[in-house]
Amino acid sequence: SQCKVSGDSPSCSCLPEYIGQPPNCRPECVSNSECPSHQACINQKCKDPCPGTCGANAECRVVSHTPQCLCIVGYTGDPFRQCLVQQEPIPQERPTPCIPSPCGANAVCREQNGAGSCTCLPEYIGNPYEGCRPECVLNTDCPSNKACIRNKCKDPCPGTCGQNADCQVVNHLPLCTCRPGYTGDPFKYCNTIPPPPVEAVPVDPCNPSPCGPNSQCREINGQAVCSCLPTYIGTPPGCRPECTVSSECPTNKACINQKCADPCPGTCGLNARCEVINHSPICSCKAGHTGDPFSRCYPIPPPQPPPSAPIYTDPCVPSPCGPYSQCRDIGGSPSCSCLPEYIGQPPNCRPECVINAECASNLACMREKCRDPCPGSCGAGAQCNVVNH
C-alpha cells in the first residue's frame with residue numbers, strides 16, 4: 078500500500094497492480110488455483126499462459142491453468158517449437174521397426190540392428206516408450222525456490238525487482254523487498270528512508286488505563302476521566318457487577334445475568350401466585366384453586382352436600398401442608414411432609430432450583446434439579462466445559 082497526506086490525515090491506497098483495501102492489499106494471485114481454469118498466475122496476475130508458448134503451426138489450449146500445444150491438422154512435430162507439413166509416407170519395400178513408431182509423445186525412434194530404439198526429444202525427459210514431457214509444466218513441478226519458465230525450472234528473480242531491492246523466491250514466486258534503510262515499491266525502485274522529523278509525541282493519559290477493571294477511560298483536556306462500564310456499579314477502580322450470587326441481592330430478588338431481578342416472571346403456571354422467599358420463587362395456587370402451581374392450577378370443585386348421617390372427615394382435605402407436600406391422616410390429625418425430589422419443610426416445600434443462579438456455576442437447573450448440562454450436548458470427539466451454568 079501507499080500513504081498520502083490529505084488534509085492533516087493519512088490517506089491509504091493499494092499500490093498499482095494490487096487489489097483489496099488497506100491494510101489488506103494483496104496481489105491478484107499467488108498461485109494458479111486463485112485464477113480461472115483457463116488462466117495462470119504469471120507475475121502475480123491472472124493471464125492467458127498461451128502467448129509465446131507454442132511453436133509455429135501449433136495451436137494452444139489451456140487446461141487447468143496449463144498451456145497445451147498441439148500441431149494443427151496436416152502438421153506434425155514438436156508443438157512447443159515448430160510443426161512441419163506432414164509428409165506423405167513413402168512406400169518402403171520392407172517394414173521397419175519404427176513404422177508405426179513404438180515411442181510415446183515427444184520421442185523419436187531410431188533403428189538399431191533391426192530393432193527400434195526410442196529416445197526423448199532434446200530438453201524432454203521421461204520414459205520415451207510411454208511419453209516424454211518437458212522438465213516442467215506447472216510451478217509445482219519445480220523445487221520451491223524455482224519457477225517453471227518456458228518449460229524449464231529456473232530462478233524467477235533475475236530482472237524482477239527494482240533498484241535497491243533484494244529478491245527471495247517463496248513458493249516458486251519472486252518476493253521483492255527493499256533493503257534495510259530503503260522504502261518504496263520493491264518491484265520498481267526503493268528510495269532511502271528520510272530521517273523522521275522530530276515531533277512532540279502526544280501522551281495518551283488512557284494508555285495504559287488507570288481506571289481498573291470493568292471501567293472505561295476518556296481523555297478530556299489531557300486528563301484521564303474514568304467511569305464504570307454500563308451494567309457495572311461502583312466507582313473506578315472498584316467497578317463491579319451488581320451481583321454474582323443471589324446472596325448479594327435483597328431476599329426478594331435473585332442474581333440473574335449479574336443483575337438483581339425478580340425471579341418470578343415466567344416461573345409459575347396459570348392461576349398461581351409467586352412469592353420470593355430467600356431469593357427463590359415459590360409458586361402456590363391461588364385461593365380456591367389446586368394443582369401443580371408450576372404448570373396450572375384448577376378451581377377446587379364445590380364440596381358435596383353433607384349426608385344426613387355423620388361421615389368421616391379427612392383432615393388432609395383440603396391439605397394444610399402447602400405446595401409440593403403430601404398429607405397423611407395419622408390418628409385423625411394431618412401429618413405433612415415434602416414430596417420426593419423437593420426440599421424444605423411444609424408449608425415451604427420447594428424444588429432444589431428454579432433458575433440457574435440457585436445452582437453452583439458448574440451446574441445448571443434442569444427439571445428443578447442442579448445437574449451437569451454437558452451429557453448429550455457436544456458431538457463426537459468434542460469436550461464439554463461448563464462456564465456460568
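According to the working numbering, the sequence shown holds residues 78 to 466 in order.
Idealized CB from N, CA, C, for every residue including glycine.
The structure displayed is predicted, hence computed values, not measured ones.
#### Entry: CB contact flag (Pro397, Pro424, <9 Å)
yes
### Distance cut-off 8 Å: Ser178 Cβ against heavy atoms of the ligand MG
Among the components of this structure there are no ligands whatsoever, and the ligand MG is therefore not found.
### Message
For a test of the three-state rule: what should DSSP assign to Glu325, helix, strand or coil?
### Response
helix
### Query
Shortest alpha-carbon distance to Ile420 belongs to which of Pro400, Cys112, Pro113?
Ranking the options by Cα distance to Ile420, first place goes to Pro400.
### Query
How is the beta strand (DSSP E) around Gly191 delimited, first residue to last?
Unbroken run through Gly191: none, as it is neither H nor E.
### Task
Tell me where the beta strand (DSSP E) around Ile432 begins and ends.
Unbroken run through Ile432: none, as it is neither H nor E.
### Query
Quick one: Cα of Glu207 to Cα of Cys186, how far?
13 Å
### Query
Given Pro220, which residues of its chain have a CB within under 8 Å of its CB, disregarding the five upstream and five downstream residues?
Cys230
### Task
Could you pull out every residue in the same chain whose Cβ sits closer than 7 Å to the Cβ of Gly154, ignoring the five residues on either side in sequence?
By the criterion of a C-beta distance shorter than 7 Å, Gly154 is surrounded in its chain by Cys148, Cys160, Leu161, once the five residues flanking it on both sides are discounted.
### Query
Helix, strand or coil: which one does DSSP assign to Ser221?
coil
### Query
Can you list, in chain order, the residues of its chain whose CB lies under 6 Å from that of Arg210, leaving out five sequence neighbours each side?
Gly203
### Query
How would you call Arg427, buried or exposed, if buried means at least 16 neighbouring beta carbons within 10 angstroms?
buried
### Task
Could you check what DSSP says for Asn101 in three-state terms: helix, strand or coil?
coil
### Query
Do the CB positions of Cys351 and Cys360 come within less than 9 Å of each other?
yes
### Buried versus exposed, by CB contacts within 10 Å (16 or more), Pro452
exposed
### Query
With C-beta atoms as the reference, is Ala331 less than 9 Å away from Glu429?
no
### Query
CB Asn348 to CB Cys374, shorter than 9 Å?
The Cβ atoms of Asn348 and Cys374 sit closer than 9 Å to each other.
#### Entry: Of the listed residues Pro104, Val140, Gly311, Cys91, nearest to Ser114 (C-alpha basis)
Of the listed residues, the one whose Cα sits closest to Ser114 is Val140.
### N-terminal and C-terminal residue of the beta strand (DSSP E) that Asn462 is part of
Run containing Asn462: none; DSSP gives neither H nor E here.
### Task
Compare the C-beta of Cys362 with all C-beta atoms of chain D and state if any pair is closer than 9 Å.
This model lacks chain D altogether, as it is built from one protein chain only.
### Task
State the CB to CB distance for the pair Cys32 and Cys146, rounded to an integer number of angstroms; the pair is presumed to be in contact (CB under 8 Å).
It is not possible to answer for residue 32, since the shown part of the chain is limited to 78 through 466.
### Query
Quick one: what does DSSP say Ser78 is sitting in, helix, strand or coil?
Ser78: coil per DSSP, three-state reduction.
### Task
Give every residue of the same chain whose Cβ lies closer than 6 Å to the Cβ of Ala441, excluding the five residues on either side of it in the sequence, and list them in chain order.
Asn433, Pro450, His466
### Message
Please report the distance separating the alpha-carbon of Asn241 from that of Glu296.
### Response
Using only the alpha carbons, I get a separation of about 44 Å.
### Message
Here's the rule I'm using: 16 or more other beta-carbon atoms within 10 Å means buried, otherwise exposed. How should Cys89 be labelled?
### Response
exposed
### Query
Taking the C-alpha atoms as reference points, what is the distance between Cys137 and Gly193?
31 Å
### Neighbour-count burial assignment, Ala135, 16 or more Cβ in a 10 Å radius
buried
### Query
Considering only the beta carbon of each residue, do Asn109 and Leu215 sit closer than 9 Å?
Yes, they are a contact pair.
### Query
Roughly how many whole angstroms lie between the Cα atoms of Lys363 and Ser292?
46 Å
### Query
Considering Gly203, what are the terminal residues of the beta strand (DSSP E) in which it resides?
201–204
### Query
Which whole runs of the beta strand (DSSP E) in the segment 359–405 are 3 residues long or more, in chain order?
366–369, 373–376
### Query
So the beta strand (DSSP E) Gly261 belongs to, where does it begin and stop?
Per DSSP, Gly261 is one residue of the beta strand (DSSP E) stretching across 259–262.
#### Entry: Straight-line gap, Ser402 to Pro417 (C-alpha atoms, nearest Å)
Approximately 9 Å, taken between the alpha carbons.
### Query
Counting along the chain, where does the beta strand (DSSP E) carrying Ala301 start and finish?
300–305
### Query
Who are Leu252's beta bridge partners in DSSP?
Gln245
### Message
So, for Asp369: in the same chain, excluding its five sequence neighbours on each side, which residues have a beta-carbon less than 7 Å away from its beta-carbon?
### Response
So the list reads Gly346, once near-sequence residues are dropped.
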